[in-house]
Amino acid sequence: MVRLFGGTWVRAQLHHPRMQDYTRLVVWHRARALTVAVNEATRSPRAVVAPGLRPQLMRAVMSISANVAEGAGRSSRTDFARFVDIAAASTSEVEHHLIVAQDLGVIAPSVLARLRADVVIVRRMLFGLRRALLAREAEEQAASRTSVREELVDPELFH
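Residue numbering for the sequence shown follows my numbering, starting at -16 and increasing by one per position.
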């Protein structure tokens, strides 16, 4: 129940039936862990070599989990999949910035290897989530078309 202005209580649905609780998605947790790992790895006095690199890298890595969260709040699986696609693209941006960070001596090659492996895992999970969302949407659309056709046919005609 939610109280509206004026004191009226109404029953409210907190989430659209298709909206997901993003905090239950493993990929969201992995993306958050990646954010923490990138933050820790780039906290280096050597980061002054490229002053704009760390802020851009942090924006890119934070956008991965943020896009998953925002997509989960959308009312269709197709919209959710679009945000997951954006999150996956951000993994490529993160990977690029990490390579540049290693080139500039901000992070060690071993740190780059570990973080790139984490990025690849998150990217694969995002692609899997996107594939599942689109497959489920296609199944529901096919089922919907079938049920509409069945409603249009009068069963009495076949007796």
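Built from N, CA and C at the ideal position, the CB exists for glycine as well.
Owing to the predicted nature of the structure, the values given are computational and were not obtained by experimental measurement.
Check: Pair within 7 Å by beta-carbon distance, A14 and I90; Outcome: no
Check: Burial state of S48, where buried means 16 or more other Cβ atoms lie within 10 Å; Outcome: buried
Check: Span separating the alpha-carbon of W163 from that of V51; Outcome: With the chain covering only -16 through 142, there is no way to say anything about residue 163.
Check: Nonlocal neighbours in the same chain, by C-beta distance under 6 Å from R65, ignoring five residues either side; Outcome: none
Check: Whole beta strand (DSSP E) elements within the stretch 38 to 97, 3-residue minimum; Outcome: none
Check: Same chain only: Cβ atoms within 8 Å of P92, ignoring 5 sequence neighbours per side; Outcome: Q85
Check: Closest Cα partner of D62 within the set L40, F110, L81 and L117; Outcome: L117
Check: Beta-carbon contacts of V67 that lie in its chain and below 6 Å, excluding the five residues immediately before and after; Outcome: G54, L109, L112 and R113
Check: Extent of the continuous alpha helix (DSSP H) to which A33 belongs; Outcome: Premise fails: A33 is in no alpha helix (DSSP H) and is neither H nor E.
Check: Cβ pair V77, A43 closer than 7 Å; Outcome: yes
Check: Where D4 sits in the DSSP three-state scheme; Outcome: coil
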